[in-house]
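Novice:
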DNA sequence: CGGTAGTTTGAACTACGTCAAGGGTCGTGG
DNA sequence: CCACGACCCTTGACGTAGTTCAAACTACCG
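Protein chains in written order, with the numbering used here: chain A, 18 to 267; chain B, 18 to 267.
(1) Can you say whether residue 199(B) is buried or exposed, counting buried as having 16 or more other CB atoms within 10 angstroms of its CB?
(2) So residue 183(B) contacts chain A; which residues on that side make the cut at Cβ distance below 8 Å?
(3) For a contact meaning CB atoms closer than 7 Å, what does residue 228(A) contact in chain B?
(4) Label residue 76(B) either buried or exposed according to how many other C-beta atoms from any shown protein chain fall within 10 Å of its C-beta, with 16 as the threshold for buried.
(5) Could you tell me whether any Cβ in chain A is nearer than 8 Å to the Cβ of residue 80(B)?
(6) Would you tell me roughly how many angstroms separate the C-alpha atoms of residue 23(B) and residue 73(B), rounded to the nearest one?
(7) Can you name the residues that DSSP bridges to residue 97(B)?
(8) Could you give the DSSP three-state label for residue 232(A): helix, strand or coil?
(9) Output needed in chain order: residues of the segment 144 to 178 of chain A with a Cβ under 7 Å from some Cβ in chain B.
(10) From which residue to which residue does the beta strand (DSSP E) around residue 69(A) run?
(11) Strictly under 8 Å for the Cβ-Cβ distance: is residue 116(B) near chain A by that measure?
(12) Could you tell me which residues DSSP pairs with residue 92(B) in its beta bridges?
(13) Got a sec: is the Cβ-Cβ distance from residue 89(A) to anything in chain B below 8 Å?
(14) Check residue 117(B) in the structure and name its three-state DSSP category.
(15) For residue 145(B), list the residues DSSP reports as bridge partners.
(16) Look at residue 67(A) and residue 143(A) and say whether their C-beta atoms are less than 8 Å apart.
(17) Taking beta-carbon pairs under 7 Å, can you tell me which members of the segment 233 to 261 of chain A lie near chain B?
(18) The beta strand (DSSP E) with residue 211(B) in it runs from where to where?
(19) Assuming residue 171(B) and residue 99(A) are in contact, meaning their beta carbons sit under 8 Å apart, how far apart are those beta carbons, in whole angstroms?
(20) Please state the DSSP three-state secondary structure of residue 152(A).
(21) Just to confirm before moving on: does the CB-CB distance between residue 164(B) and residue 122(A) stay below 8 Å?
(22) Could you tell me if residue 10(A) is buried or exposed, where buried requires 16 or more neighbouring beta carbons within 10 angstroms of its beta carbon?
(23) Considering only the beta carbon of each residue, do residue 178(A) and residue 178(B) sit closer than 8 Å?
(24) Quick one: is residue 266(B) near chain A, going by C-beta distance under 8 Å?
(25) Could you name the residues of the same chain whose beta carbon sits closer than 7 Å to that of residue 269(B), not counting the 5 residues immediately before and after it, in chain order?
(26) To the nearest angstrom, how far is it from the Cα of residue 212(B) to the Cα of residue 79(B)?
(27) Verify whether the separation of the beta carbon atoms of residue 210(B) and residue 203(B) is less than 8 Å.
(28) Quick check on residue 216(A) - is its C-beta less than 8 Å from some C-beta in chain B?
(29) Pull up the CB-CB distance for residue 146(B) and residue 85(B), whole angstroms please, since I reckon it's below 8 Å.
(30) Can you say whether residue 134(A) is buried or exposed, counting buried as having 16 or more other CB atoms within 10 angstroms of its CB?
(31) Taking all protein chains shown into account, do 16 or more other C-beta atoms lie within 10 angstroms of the C-beta of residue 103(A), making it buried, or fewer, making it exposed?
(32) What's the gap between the Cα of residue 141(A) and the Cα of residue 69(A)?
(33) Residues of chain A with CB closer than 8 Å to the CB of residue 122(B), please, in chain order.
(34) Name, please, each residue of chain A whose Cβ falls closer than 8 Å to the Cβ of residue 131(B).
(35) Using alpha carbons as the reference points, say which of 251(B), 97(B) and 236(B) lies closest to residue 268(B).
Here it is as C-alpha cells:
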C-alpha cells in the first residue's frame, strides 16, 4: 500500500490587511469581466471597492443575510454551500481568485441564498450591488462577460444535476476529483495535486454522499494506485483510469 | 378511493404556421427582457426572427448539435434534458411561453449541451446567436435583464442540487409538484391543475428517480387525498400537506 | 508528547432500484 | 359507436448501493 505523506498542500497565509492597492489593481485587471476596461476606468472602479480578510473557516456571509454586496476573490479559496435541516451541508461551488459571487442581480432575492465560507485564508474584494449595477449600465461589454460566466456556471450546475441523477457515488467522486484537478491541479512529486485543503467531509458535501462513503471510495482509489491522499489533501496519479470510471457521461 | 377522471389538461393545438406577425409582436413585447424596448425597436428585432412549429415529442435540437440559435417559446411547453448512456433521460427544465433557451453565450460551447423536446404542440421563435449578441451590445438594459434571468435559473439549479443531495424521493416529488403548480397551475374543479401533460416517466426524470417510485409516491399522495391524478395529469388539492412533506428545506 | 480533528473500517439496516406481471385509459379504425 | 391495440400506470417481490452507527486508528498542532 502507498505510504501516506505529509500534507503537500501549500498553506495560504493572508494577513488581515494584505490586499495592497497594487494587488487589488492587479486582480481587477485580471478578472475576466473587467479585462475589457481601460486602466483609468479600473482605477475608478477600484475606488468603490472594499477589501476584507478572512481566516480559514470564517463565514463571509450566511444564507438569509441581506445580499448587499458582490464579492471577488483576490486570494484564497471560498466554498458556497447550503445548509440542511439535518445539519448536513451541500457544497455548490468552490471558488478561486478572480471569481465572483454574492449579490449578483438586483431583481432576484434580496438576501443571499447560499452561505460563503473561507476554506483558506482569504482576501476578498467587495462592491455594493448598486455600484456593480452602475458599472453594468455604463459598460455593456462587462455585462456580456458576466452573462457568459453565469451561463457557464448554469451549465456546470446542470452537469452536477445530471451526475446526481444518473451516476453512482464512485462515478461522482471520480468526476469531482477530475473537475477539481482541472481547476486547482498543480504538478507535484506525489501526483497532480489538488491545491486546496479538502476533507472527506467536504468531498462528501460536493458529491451528495456521506464522509464514510467518500472515504471508502477514496481508499479504494488509493489501493488501486490511482491517487495519493492524506489528511485533507488528494493528488491524482492515473487520470486515465479515473476518467474511465467517471465517464459514462460526465 | 378517489375515482380517476378524464384528462383535464387542455390540449394545445398549434398549426404548423400559426405564429402570425401579430402574435409574434405580442410575444416579443411580453418577453421580460425585451419589455424595456420601444415598439419600433421590437419590430426591427422581429425582422431577424424566424419561427417554427413542432408537434408533441418533436425535438427542437439535440445535445451536440451546433448551437447557432437562441429560442423563445411563443406557445406550448418545451423540456430541456440530457441523455444518459443507460438511456435514462434527465430533465433539467420545463419551459413555457416567454422563456428562452438554446445558444445563449458566445464564449461557451459552440454546441448545445442539452436536448430540447416539445411536450405539446409548440411555436418557437428563434434568432441567431450573432443577432442576439448584436441586440445585447446595442441595448445594455436587455443584457442586464437576461443576466438576471440566467442568475435566477442558476439559483433554481442550485435548489435542485440541494434537493438531490439531501432529500428523499418523496420530498423531491412533493417539492417538484409544488414548483410545477406555481409555474403552471390553473384552478380547476379537480384541484390546482398542472397545466401540461406529464407522465410518471417524466416526473421521474425531473426528480432523479424511477417511474415505479414516482408512481408509488403519487399513488400514496392520492390515497391521502392530497392530489388528484390520472394518465399524464396531476392536480394538487392539499398544498399545505405537500409543503409540509417537501419542506425540511426547499 | 498529548489532545483534537480527521480518517478508516466493520456490521446492520433501509430507501430505492430492478424485474415482472397485470390493469386502466385513450386514440384509431372498422 | 364500439372494439382493439398501444401506451401508460400500478403493484408486488426481491436485490443492493449507500447510509447509519460505532469504534479504532492516525496526522497534525500546540
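Cβ coordinates follow ideal geometry from the N, Cα and C atoms, glycine included.
Specialist: Working from what's here:
(1) Position 182 of the second chain holds residue 199(B). Looking at its Cβ environment, which holds fewer than 16 other Cβ atoms inside 10 Å, residue 199(B) is exposed.
(2) Position 166 of the second chain, counted from the first residue, corresponds to residue 183(B). Those within 8 Å of residue 183(B) in chain A are 101, 103, 105, 107 and 225.
(3) As a first step, residue 228(A) must be located in the first chain, where it is residue number 211. Going along chain B, no residue has its Cβ under 7 Å from residue 228(A), so there is no contact; the nearest lies around 14 Å.
(4) Taking the first residue of the second chain as position 1, residue 76(B) is located at position 59. Burial check for residue 76(B): the Cβ neighbour count within 10 Å stays below 16, so the residue is exposed.
(5) Translated into positions along the second chain, residue 80(B) becomes position 63. Not flagged as an interface residue toward chain A: residue 80(B), since no C-beta distance is shorter than 8 Å.
(6) Residue numbering aside, residue 23(B) sits at position 6 when the second chain is read from its first letter. Residue numbering aside, residue 73(B) sits at position 56 when the second chain is read from its first letter. Roughly 20 Å between the two C-alpha positions.
(7) If you number the second chain from 1, residue 97(B) lands on position 80. Beta-bridge pairing links residue 97(B) to 110(B) and 133(B).
(8) Here the question's residue 232(A) lines up with position 215 in the first chain. Correct three-state label for residue 232(A): helix.
(9) Going along the segment 144 to 178 of chain A in chain order, one finds 153, 154, 157, 160, 161, 163, 164, 165, 167, 168, 169, 170, 171, 172, 174, 175, 177 and 178 with a Cβ nearer than 7 Å to chain B.
(10) Taking the first residue of the first chain as position 1, residue 69(A) is located at position 52. That run of the beta strand (DSSP E) goes 67 to 71.
(11) Working through the second chain from its first residue, we reach residue 116(B) at position 99. Cβ-Cβ to chain A under 8 Å: no for residue 116(B).
(12) Your numbering for residue 92(B) matches position 75 in the second chain. Note: residue 92(B) is bridge-paired with 140(B) in the DSSP secondary-structure output.
(13) Taking the first residue of the first chain as position 1, residue 89(A) is located at position 72. By this cut-off, residue 89(A) is not an interface position.
(14) By one-based count along the second chain, residue 117(B) stands at place 100. Reduced to three states, the DSSP call for residue 117(B) is strand.
(15) Numbered from its first residue, the second chain carries residue 145(B) at position 128. Residue 145(B) pairs with 86(B).
(16) The residue labelled residue 67(A) in the question sits at position 50 within the first chain. The residue labelled residue 143(A) in the question sits at position 126 within the first chain. Going by C-beta atoms, residue 67(A) is nearer than 8 Å to residue 143(A).
(17) none
(18) What you label residue 211(B) is simply residue 194 of the second chain in a count that begins at 1. Unbroken beta strand (DSSP E) run through residue 211(B): 208 to 211.
(19) Position 154 of the second chain holds residue 171(B). Position 82 of the first chain holds residue 99(A). About 13 Å; that fails the 8 Å criterion.
(20) The residue given as residue 152(A) occupies position 135 in the first chain. Of the three classes helix, strand and coil, the one that applies to residue 152(A) here is helix, per DSSP.
(21) Counting from 1 along the second chain, the entry for residue 164(B) is found at position 147. Counting from 1 along the first chain, the entry for residue 122(A) is found at position 105. Cβ atoms of residue 164(B) and residue 122(A): closer than 8 Å.
(22) The first residue shown for chain A is 18 and the last is 267, placing residue 10(A) beyond what the model contains.
(23) As a working note, residue 178(A) is residue 161 in the first chain. As a working note, residue 178(B) is residue 161 in the second chain. A contact, by the Cβ cut-off of 8 Å.
(24) One-based indexing of the second chain puts residue 266(B) at position 249. In this prediction, residue 266(B) has a pLDDT of 47, which is less than 50 and means its spatial position is unreliable; nothing more can be read from the coordinates.
(25) For chain B, the structure presents residues 18 to 267; residue 269(B) sits outside this window and is missing.
(26) Here residue 212(B) refers to the residue found at position 195 when the second chain is read from its first residue. Here residue 79(B) refers to the residue found at position 62 when the second chain is read from its first residue. Using only the alpha carbons, I get a separation of about 25 Å.
(27) Sequence index remark: in the second chain, residue 210(B) carries index 193 (1-based). Sequence index remark: in the second chain, residue 203(B) carries index 186 (1-based). Yes, these two residues count as a Cβ contact at 8 Å.
(28) Against the first chain, residue 216(A) aligns to sequence position 199. It does not: the Cβ of residue 216(A) has no partner Cβ on chain B nearer than 8 Å.
(29) On the second chain, residue 146(B) is found 129 positions in, with the first residue counted as 1. On the second chain, residue 85(B) is found 68 positions in, with the first residue counted as 1. The C-beta separation of residue 146(B) from residue 85(B) comes to about 6 Å, placing the pair in contact by the 8 Å criterion.
(30) Translated into positions along the first chain, residue 134(A) becomes position 117. Buried, since its Cβ has 16 or more Cβ neighbours within 10 Å.
(31) Position 86 of the first chain, counted from the first residue, corresponds to residue 103(A). Residue 103(A) is exposed by the Cβ-count criterion.
(32) By one-based count along the first chain, residue 141(A) stands at place 124. By one-based count along the first chain, residue 69(A) stands at place 52. Each residue's alpha carbon lies about 5 Å from the other.
(33) As a working note, residue 122(B) is residue 105 in the second chain. Within chain A, the residues near residue 122(B) are 164, 165, 168 and 169.
(34) Taking the second chain and counting its residues from 1, one reaches residue 131(B) at position 114. The contacting residues are 175.
(35) Given that chain B is displayed from residue 18 to residue 267, the structure contains no residue 268(B) and the question cannot be resolved.
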